[in-house]
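Enquirer: Going line by line, the protein sequences match chains H and A. The first sequence: position 87 = 87 (the working numbering), numbered continuously. The second sequence: position 112 = 429 (the working numbering), numbered continuously. C-beta atoms are modelled at their ideal positions from N, C-alpha and C, and glycine is treated no differently. Here you go, one structure.
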Amino acid sequence: MTATQSRRRRRDETPDTHQFPTRPYDLVREFVIALGVVVVLTVGLAAVFSSPDRKAITLQDWARVAPNDVVATATAELAGTSTSASYGAPYNNASEGQKIGPLALQKLGGVQTPVDSANDLVIHPLQTVSGDATLTAALTTWTAAPDATRTGWATAYSEALAAVPDGDPGKVKAGDYGPVPTLATQFRTLAARGGLETLLADNAFYPSDQTRALLLLSDGAYLEDQARAENLGGDQWGMMNEAGNYPGQPWMWLYTFWYQVKPFSTSGNADALVWGLMMVLTAGLVLIPFIPGLRSLPKHLGVHKLIWRDEDRFRRV
Amino acid sequence: MTRAEGTDRSWTVRLRRRISRTVPEGQWLPDRQPAYVRSWIYVFGVATLAAFLVVLASGVLLAIEGEAWWHVSSLGHFVNSMHLWSVELFMAFMVIHLWGKFFMAAWRGRRALTWITGAVAFLGSIGTAFTGYLSQSNFDSQWISTQAKDGLNAVGIGAFFNVLDPAQMLLWHIVLLPLLVGFLVVAHIILVRRHGVVPPFDAVPPAAQELEPRTAQVTSRTAHKNPPVGSPSVEAPDQEATR
């Protein structure tokens with residue numbers, strides 16, 4: 001016996017399966033029966049429980065049901081204070097993004113889906129409206145103003161909206177808001193007419209990419225309010241659930257779990273940290289056969305005695 | 318050129334030999350299994366495969382009629398419900414199968430690659446299900462995509478995997494990830510058939526005990542040299558007792 005063979009034997013002395021006594025086993029019959037049972041179970045569950053299909057929220061729905069939220073969101077886009085406007089990669093360079101310690105993976109990914117929130121989400125759609133002299137004048141004033149002035153107008157109007165009940169634009173006190181009130185309320189009118197999603201897409205005829213429409217919708221409060229009412233919030237184990245009383249994605253329980261506990265629940269880098277941790281745990285799952293201690297753990301847990309109830313029969317006599 | 322030389326150069330013959338070396342004839346569909354294979358836990362591997370086929374079949378039906386079908390047709394909605402529940406069953410069976418294999422330490426005996434292909438297939442299945450939720454074009458896909466983007470963007474994955482683009486997610490869901498999972502499932506099954514079912518801890522084949530108790534253990538590295546399970550040369554000394 002060579003030294004190499006000896007080392008291999010010490011490492012893993014599991015004998016060859018094919019040297020053990022055998023018993024009849026009809027694999028094909030087992031598979032056919034399993035397939036039949038799965039089909040019956042699937043049809044039965046589908047017939048009894050169906051599946052959820054709550055209609056998507058259109059931007060028109062949003063403007064009609066929560067018009068003040070649309071005005072506030074449009075104003076935040078113009079002020080550069082919305083979530084998307086201050087996001088960072090992959091949409092813009094407005095922030096460094098999240099990090100795992102010194103590792104800035106978000107920034108390293110680069111700006112691959114450029115989104116200029118003020119222009120792409122608000123100004124460009126408004127520029128497609130024709131025949132409205134007030135709006136045209138407001139757009140002209142906006143585009144001619146320096147960046148600092150625009151930001152000042154939009155920030156002031158955003159704060160004024162936040163100060164009145166329900167963010168009602170009609171109750172805002174007079175102030176130096178420039179053309180922002182006109183732009184924001186006209187944006188609400190445009191959304192309420194329907195079809196804003198198409199104006200936000202690059203390819204208007206085949207608008208398959210909904211990045212801008214979804215960023216705009218999620219910048220507002222309405223989508224999250226609706227989700228929380230369905231118990232889908234991030235702190236409600238939302239990622240693994242779906243609308244209604246359906247199981248959703250229970251296999252994502254561990255990923256969702258980390259968001260519920262400190263330090264992740266209070267960290268500004270929670271997403272990056274949870275992903276980093278899950279990558280380590282995932283690598284551990286895949287590489288269990290090579291991790292000393294963990295790979296021999298099952299032998300000591302004893303659960304195998306429930307599987308091989310007569311395993312003593314196969315041990316050395 | 319002699320006939321033997323011609324045969325040696327034949328790509329067909331070489332492929333046939335390669336396949337035979339990987340999984341010898343008789344091990345693909347053996348009609349016998351080691352006597353220690355006597356537990357309900359073994360059923361969940363086959364159940365996972367059966368559920369996978371139902372997932373594929375219901376998914377194919379949805380693909381034939383297009384992504385909007387299930388929103389406007391009661392039959393389409395029923396097929397979508399079948400797709401949803403077969404996925405739930407598939408994932409449940411696979412998780413039970415995975416835990417069962419963990420408690421058996423089923424990576425022993427040069428079966429590490431079998432474990433790895435199974436674990437990666439599990440991860441690929443999570444990704445496939447996730448992109449399915451993003452492709453529903455309803456409220457759930459709106460909410461899940463706007464929430465999930467933050468995690469993916471935070472580690473740079475969102476730079477090329479845009480969960481806010483339903484067309485991209487649909488292609489991942491119905492083409493790329495099913496191809497990956499399908500490939501891993503096939504590889505996993507080939508490895509299971511090649512190496513056989515892992516024996517209990519500290520088990521020793523009776524024949525090895527009789528011949529030379531201290532040195533006769535062999536690893537499954539030599540499996541291809543041994544007669545396949547179910548071949549006439551493999552006797553079952555306690556066959557009656559195990560029935």
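(1) On the criterion of 16 or more Cβ atoms from any shown chain inside 10 Å, does histidine 400 of chain A qualify as buried, or is it exposed?
(2) Once the 5 residues before and after arginine 510 of chain A are set aside, which same chain residues still bring their CB inside 7 Å of it?
(3) Quick one: what does DSSP say isoleucine 100 of chain H is sitting in, helix, strand or coil?
(4) For glycine 449 of chain A and leucine 497 of chain A, which I take to be in contact (beta-carbon distance under 8 Å), what is that distance rounded to the nearest angstrom?
(5) What do you get for phenylalanine 205 of chain H, buried or exposed, if any count of 16 or more other CB atoms within 10 angstroms of its CB means buried?
(6) With the cut-off set at 8 Å, would you say arginine 349 of chain A and threonine 22 of chain H are in Cβ contact?
(7) Using CA atoms only, rank isn't needed, just tell me which of H/Ala221, H/Gly195 and H/Pro102 is closest to proline 125 of chain H.
(8) Determine whether the Cβ of proline 545 of chain A lies closer than 8 Å to any Cβ atom of chain H.
(9) Is aspartate 147 of chain H buried or exposed, if buried means 16 or more other CB atoms sit within 10 Å of its CB?
(10) I need the DSSP call for alanine 169 of chain H, collapsed to helix, strand or coil.
(11) Could you tell me whether the Cβ atoms of glycine 468 of chain A and tryptophan 275 of chain H are closer together than 8 Å?
(12) Are the beta-carbon atoms belonging to serine 86 of chain H and proline 483 of chain A less than 8 Å from one another?
(13) Rounded to whole angstroms, what's the CA-CA distance from tryptophan 444 of chain A to lysine 173 of chain H? Just pull it up for me.
(14) Interface residues of chain A around phenylalanine 290 of chain H at Cβ under 8 Å?
(15) With a threshold of 16 other CB atoms inside 10 Å of the CB of lysine 262 of chain H, please say whether the residue is buried or exposed.
(16) If you reduce the DSSP assignment to three classes, tell me which class threonine 329 of chain A lands in.
(17) Contact check, alanine 192 of chain H vs glycine 175 of chain H under 8 Å by CB: the rounded distance?
(18) Would you kindly work out how many angstroms separate the C-alpha atoms of glycine 513 of chain A and leucine 415 of chain A, rounded to a whole number?
(19) Mapping DSSP to helix, strand and coil, what is threonine 431 of chain A?
(20) Whether or not the stretch 218-226 of chain H and the stretch 71-84 of chain H are in contact is what I'm after, with contact meaning three or more pairs of Cβ atoms, one per stretch, closer than 8 Å; do they touch?
(21) Straight-line CA distance for aspartate 325 of chain A to tyrosine 246 of chain H?
(22) Note down, one range per segment and in chain order, each alpha helix (DSSP H) of at least 4 residues found wholly within the stretch 200-236 of chain H.
(23) Show which residues of chain A have a CB atom less than 8 Å away from the CB atom of phenylalanine 31 of chain H.
(24) For isoleucine 433 of chain A, count the other beta carbons within 10 Å of its own beta carbon; 16 or more makes it buried, fewer makes it exposed. Which is it?
(25) Take the Cβ of proline 495 of chain A as the centre, count every other Cβ of all protein chains shown within 10 Å, and call the residue buried at 16 or more, exposed below.
(26) So which of H/Leu41, H/Gly110 and H/Leu287 has the shortest CA-CA distance to alanine 94 of chain H?
(27) Given threonine 198 of chain H, which residues of its chain have a CB within under 6 Å of its CB, disregarding the five upstream and five downstream residues?
(28) Going along chain A, which residues have a C-beta under 7 Å from histidine 124 of chain H?
(29) Could you give the C-beta distance for alanine 79 of chain H and valine 122 of chain H, rounded to a whole number, given that I count them as a contact under 8 Å?
(30) Do tyrosine 353 of chain A and phenylalanine 314 of chain H have their C-beta atoms within less than 8 Å of each other?
(31) Evaluate isoleucine 291 of chain H with the Cβ neighbour count: other Cβ atoms within 10 Å of its Cβ, from every protein chain shown; 16 or more gives buried, anything less gives exposed.
(32) Could one say the Cβ of proline 523 of chain A lies closer than 8 Å to chain H's Cβ atoms, at least one of them?
(33) Take the Cβ of aspartate 271 of chain H as the centre, count every other Cβ of all protein chains shown within 10 Å, and call the residue buried at 16 or more, exposed below.
(34) Measure the beta-carbon distance from methionine 421 of chain A to histidine 300 of chain H and round it to whole angstroms, keeping in mind my assumption that it falls under 8 Å.
(35) When Cβ atoms are compared, which residues of the stretch 49-64 of chain H fall closer than 8 Å to chain A?
Expert: Let's see:
(1) Classification for histidine 400 of chain A: buried.
(2) Within the same chain, arginine 510 of chain A has close Cβ partners Val340, Gln344 and Trp345.
(3) In this structure, isoleucine 100 of chain H counts as strand in the three-state DSSP scheme.
(4) The Cβ separation is near 14 Å, so there is no contact.
(5) That one is exposed.
(6) One thing to note: arginine 349 of chain A has its Cβ within 8 Å of the Cβ of threonine 22 of chain H.
(7) Out of H/Ala221, H/Gly195 and H/Pro102, H/Gly195 has the C-alpha closest to the C-alpha of proline 125 of chain H.
(8) Confidence in proline 545 of chain A is poor, its pLDDT being 41 and thus under 50, which makes the residue's placement unreliable; the coordinate value appears in the next sentence. Yes, its Cβ sits closer than 8 Å to a Cβ of chain H.
(9) Burial check for aspartate 147 of chain H: the Cβ neighbour count within 10 Å stays below 16, so the residue is exposed.
(10) Note that residue 169 of chain H is proline in the sequence shown here, rather than alanine. It is helical.
(11) For glycine 468 of chain A and tryptophan 275 of chain H, yes; Cβs fall inside 8 Å.
(12) With a cutoff of 8 Å on beta-carbon distance, serine 86 of chain H and proline 483 of chain A are scored as not near each other.
(13) Per the sequence shown, the amino acid found at residue 444 of chain A is glycine instead of tryptophan. Answer to the nearest angstrom: the Cα atoms are 50 Å apart.
(14) Residues of chain A passing the Cβ test: Ala429.
(15) Answer is exposed; the Cβ neighbour count stays below 16.
(16) Here threonine 329 of chain A sits in helix by DSSP.
(17) Here alanine 192 of chain H is actually not in contact with glycine 175 of chain H; their C-beta atoms are around 25 Å apart, not less than 8 Å.
(18) When only Cα atoms are considered, glycine 513 of chain A and leucine 415 of chain A end up about 17 Å apart.
(19) Here threonine 431 of chain A sits in helix by DSSP.
(20) Verdict: yes, contact present.
(21) About 59 Å.
(22) Listed in chain order, they are 211-219 and 222-229.
(23) Residues of chain A passing the Cβ test: Val363, Leu366 and Ala367.
(24) Burial check for isoleucine 433 of chain A: the Cβ neighbour count within 10 Å reaches 16 or more, so the residue is buried.
(25) Classification for proline 495 of chain A: buried.
(26) Residue H/Gly110 is the option with its Cα nearest to alanine 94 of chain H.
(27) Ala204 and Pro207.
(28) Simply none; closest approach about 18 Å.
(29) Contact check for alanine 79 of chain H and valine 122 of chain H: beta-carbon distance about 11 Å, past the 8 Å limit, so the pair fails to qualify.
(30) Yes; because the gap between Cβ atoms is below 8 Å, this pair is in contact.
(31) That one is exposed.
(32) Closer than 8 Å to some Cβ of chain H, the Cβ of proline 523 of chain A qualifies, so yes.
(33) It counts as buried.
(34) Cβ atoms of methionine 421 of chain A and histidine 300 of chain H stay farther apart than 8 Å, at about 13 Å.
(35) So the close ones are Phe49, Ser50, Ser51, Pro52, Asp53, Arg54, Lys55, Ala56 and Ile57.
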